[in-house]
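Take a look at the structure below.
2 protein chains.
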Amino acid sequence: MSYNLRHLRYFIATAELGQVSRAAIELSVSQSAVTAAIRELEATLGTQLFTRSSHGMALTEAGRRFLASGYEIVAKVEESLQAADTVALTGELRLAASYTVIGYFLPVHLDRLSRVMPEVTLRVREMTRQALEDALLDGQIDIGVALTSNISNHAIAKETLLSSPRRLWLPSRHPLLERETLGLADVAREPYVMLTVDEAAHTAMRYWAPTSLQPNVLLRTSSIEAVRSIVANGQGVSILSDMVYRPWSLEGRRIEVADLREPIPAMEVGLVWCRNNEFSPVMNAFRYYFRSLFGAPQSSVALSRPA
Amino acid sequence: MSYNLRHLRYFIATAELGQVSRAAIELSVSQSAVTAAIRELEATLGTQLFTRSSHGMALTEAGRRFLASGYEIVAKVEESLQAADTVALTGELRLAASYTVIGYFLPVHLDRLSRVMPEVTLRVREMTRQALEDALLDGQIDIGVALTSNISNHAIAKETLLSSPRRLWLPSRHPLLERETLGLADVAREPYVMLTVDEAAHTAMRYWAPTSLQPNVLLRTSSIEAVRSIVANGQGVSILSDMVYRPWSLEGRRIEVADLREPIPAMEVGLVWCRNNEFSPVMNAFRYYFRSLFGAPQSSVALSRPA
DNA sequence: GCTGAGATATCTGAAAAACTGATAGGAGCC
DNA sequence: GGCTCCTATCAGTTTTTCAGATATCTCAGC
């Protein structure tokens, strides 16, 4: 299913020493054990990690990237082994989140946070972006989790966690699925279901406007489940983010996704807070929880590019 | 030696479901396998992760902390499985670092970075803090790695990565090692070796000054190896950070460490850069490399307290 | 107080995984 | 060509992991 920490250690040693045989000595195992582990690792990743030669093993580009991940993972593992004594955090955190976030992003994290810090009371409210900004500035809430791209108030600090690409949703066996490439012009000819919640319609205009095309709107709805059902039943198409995508609708019919030729802005989910406020320990822990799961996001831009 | 990803998965499932038996069903393994894995995990960690009862398993405080680590690790593992296509970074990074950092912190990371991004040329120079600040502002270097506690120029941004506590170094079989607790007053009676490099002497005064005591300085030297040898030979003691500590001196004699009663500021190593400059992709990758290894440092203050 | 349900702990033999050691094969160097 | 250094592969053994049976504990209901 997935790889092991053993695979990782053997891989790192081989990458650093450049030879399976030397890595095997370093690890105090036989050369064949290391060879086998690397072969398994490459199989589960589905990628070549090294180019083999009679001199040794040289990392491929994928191997280099995986090595960086490997360093991160073993660092976290070693960190986890150190039993620093800590105090259990106590207190309250007043959160607000927008419709999409509260339904499709937060649940698993709220669950985990309540397990990791059970003595912290999490109060969560659903708000529109505007209400959320006001509540932050009023001091009614501590932190918001929202779609960060539409936030431009300078009194509010934001930190993007997740960038979820938007794609075209189609019913299964739709003729457009046969095409090599798809563009907004193709979408404009189809009946379109426009989601109106969380400023989705406003965001949609950001990528429709420059094309001088417009979607042939069959229905405007605030329910993602409605979009899902209508698309699944073959009555329309829509462009929505991967975060809210599920392959099956409530009725059990399948939905397909396709990339579009035009660059569609991704849906960005992140934390927002009032720039002037001090961070309480609980707020810090909350932020740290997300940061450590999603990494420092601004730099992932530098390291990877979209497909 | 250490635990497995299997241990981690079994632990997380048990923590989330609150029962070994339910976790076993969820994981499609037998109850005894999960019980055994958790027992092994607790043994390798040397800590109780759960309190057992006939109702199920409740996390201890250590368990909650380990659960948070577990979430981080599996998140990194899953991230590593996604083979996002990337471009190899190319370019140059002009680094500067101070004596201590270049000798005791950077080497392994420069080695790893050159493996992860071989097409980036890393130019490293040793500089004093003042020269480093000037070079940053002049634009002669891109990023510095230095002891961040003495940097107070507002034009320079800093991000602390590592906080290494300072302790008393003693030769083995020194009488002070018998004591229950040690304070600076005890140290003041011993011959003291003062390291002069990287503003160490200046830093030392920060914690000697409030006591109205002063160290009985036998020797001032800019060589850490000299301090190590003199302490190991029983001719003096010193207070230095764990980062530069090694149990053996060059001659093979042992050095012991002891905590002091007074709070001694830790040695803080971090990145520094010119606040006005834009981050190049290479600079971003460099920063990201360290961030992901050392975590978001400011919040570790909130999550843990010193022993 | 007894009893059944449901929980974890422990044990044994079986199955699976990992490892060793030997061997094969390829590439460069003399 | 022959030597050396590398990785790949295979067969047999060792180690780890697992399932299933059983023991033990606790609570709830009677």
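Just so you know, the sequences run in chain order A and B.
Just so you know, the first sequence maps onto residues 368 to 674 in our numbering.
Just so you know, the second sequence maps onto residues 368 to 674 in our numbering.
All C-beta atoms in this analysis are idealised placements derived from N, C-alpha and C, irrespective of residue type, glycine included.
All values reported here derive from a predicted model rather than from experimental measurement.
Name the chain A residues whose beta carbon is nearer than 8 Å to that of residue i?
i        : result
Leu384/B : Those do not exist, as Leu384/B stays about 11 Å from chain A at its closest Cβ, beyond 8 Å.
Please compile the residues from chain A whose C-beta is within a distance smaller than 9 Å of the C-beta of residue i.
i        : result
Tyr438/B : Arg479, Val483, Tyr656, Ser659 and Leu660
Rounded C-beta distance between residue i and residue j? I'm assuming under 8 Å.
i        : j        : result
Ala679/A : Arg373/A : This structure cannot speak to residue 679/A, because chain A is shown only from 368 to 674.
Thr427/B : Ser465/B : Wrong, their Cβ atoms sit about 41 Å apart, outside the cutoff.
Ile523/B : Val598/B : With 8 Å as the limit, Ile523/B and Val598/B do not qualify as a contact, their Cβ atoms being about 34 Å apart.
Leu549/B : Ala625/B : 5 Å
Pro558/B : Leu528/B : So it is not a contact: roughly 34 Å between Cβ atoms.
Leu607/B : Arg654/B : The Cβ separation is near 28 Å, so there is no contact.
Lys443/B : Glu439/A : 5 Å
Ala429/B : Ala450/A : 6 Å
Tyr656/B : Leu473/B : Not confirmed; about 12 Å, so no contact.
Thr414/B : Ala425/B : Not quite, the Cβ-Cβ distance comes to about 15 Å (not below 8 Å), so this is no contact.
Val512/B : Val636/B : 7 Å
Leu514/B : Met634/B : 6 Å
Could you name the residues of chain B that residue i contacts, counting a contact when the two beta carbons are closer than 7 Å?
i        : result
Asn728/A : Chain A is shown from 368 up to 674; residue 728/A falls before or after that span and cannot be answered.
Ala455/A : Glu428
I want to verify the contact list: residues of chain B whose CB lies under 8 Å from the CB of residue i, in sequence order.
i        : result
Thr414/A : Ala450
Ser399/A : Simply none; closest approach about 21 Å.
Skipping 5 residues on each side, what residues in its chain have a beta carbon closer than 7 Å to that of residue i?
i        : result
Ala380/B : Ala390, Glu393 and Leu394
Ala369/B : Looking at the sequence itself, residue 369/B is Ser, so the reference to Ala does not match. Excluding residues within five positions, the ones whose Cβ falls inside 7 Å are Thr411.
Val611/B : Thr467, Tyr471 and Ile591
Leu580/B : Leu551, Ala552 and Ala555
Tyr574/B : Glu629, Ile631 and Pro632
Ala674/B : Low per-residue confidence applies at Ala674/B: pLDDT is 28, beneath 50, and the placement is therefore not dependable enough to give any value.
Pro614/B : Arg621 and Ile622
Leu384/A : Ala390 and Glu393
Leu504/B : Ala522 and Cys641
Asp609/B : Ser531, Pro532 and Arg534
Glu618/A : Ser596 and Ala599
Ser616/A : Arg595, Ser596, Ala599 and Ile622
Tyr377/A : Ala390, Leu394, Val401, Ala404 and Ile405
Using a C-beta to C-beta distance shorter than 7 Å, which residues of chain A count as neighbours of residue i?
i        : result
Ala442/B : Leu660
Glu446/B : Ser436
Output needed for residue i: all residues of its chain with C-beta closer than 8 Å, excluding positions within five of it in sequence on either side, in chain order.
i        : result
Thr488/B : Gly458, Glu459 and Leu460
Arg490/A : Glu459, Leu460, Arg461 and Leu462
Phe661/B : Leu528 and Leu529
Asn644/A : Gly506 and Asp509
Leu477/B : Leu489 and Val491
Val387/A : Thr381, Gln398, Val401, Thr402, Ile405, Gly423 and Met424
Leaving out the 5 sequence neighbours to the left and right, which residues in its chain are closer than 6 Å to residue i when beta-carbon positions are compared?
i        : result
Ala455/B : Glu486
Ile508/A : Arg461, Ala463 and Ala502
Ile469/B : Glu493
Met561/B : Ala568, Val584 and Arg587
Val668/A : With a pLDDT of 33 at Val668/A, under the threshold of 50, the predicted position of this residue should be treated as unreliable, and no value is reported.
Ser420/A : none
Arg540/A : none
Thr563/B : Arg587 and Ser589
Ala382/B : Leu426 and Leu434
Glu545/A : none
Leu408/B : Tyr370, His374 and Phe378
Q.
Short of 9 Å Cβ to Cβ, which residues in the segment 418 to 438 of chain B face chain A?
A. Those would be Leu426, Glu428, Ala429, Arg431, Arg432, Phe433, Leu434, Ala435, Ser436, Gly437 and Tyr438, in chain order.
Q.
I'd like the ranges of any beta strand (DSSP E) spanning at least 3 consecutive residues and lying wholly in the segment 608 to 670 of chain A.
A. Taking only runs of at least 3 residues, the beta strand (DSSP E) segments lying wholly in the segment 608 to 670 of chain A are 622 to 625 and 634 to 641.
(Q) Give the list of continuous beta strand (DSSP E) stretches no shorter than 3 residues that lie fully inside the segment 555 to 609 of chain B. (A) The beta strand (DSSP E) runs of length 3 or more contained entirely in the segment 555 to 609 of chain B are, from start to end of the chain, 558 to 562, 583 to 588 and 605 to 608.
Q. Can you list the alpha helix (DSSP H) stretches of 4 or more residues lying completely in the segment 459 to 523 of chain A, in chain order?
A. Runs of the alpha helix (DSSP H) lying entirely within the segment 459 to 523 of chain A, each at least 4 residues long, are 466 to 471, 473 to 483 and 496 to 505 in chain order.
Q. Which runs of the alpha helix (DSSP H), 4 residues or longer, sit entirely within the segment 414 to 461 of chain B?
A. If we require 4 residues or more, the alpha helix (DSSP H) runs fully inside the segment 414 to 461 of chain B come out as 428 to 448.
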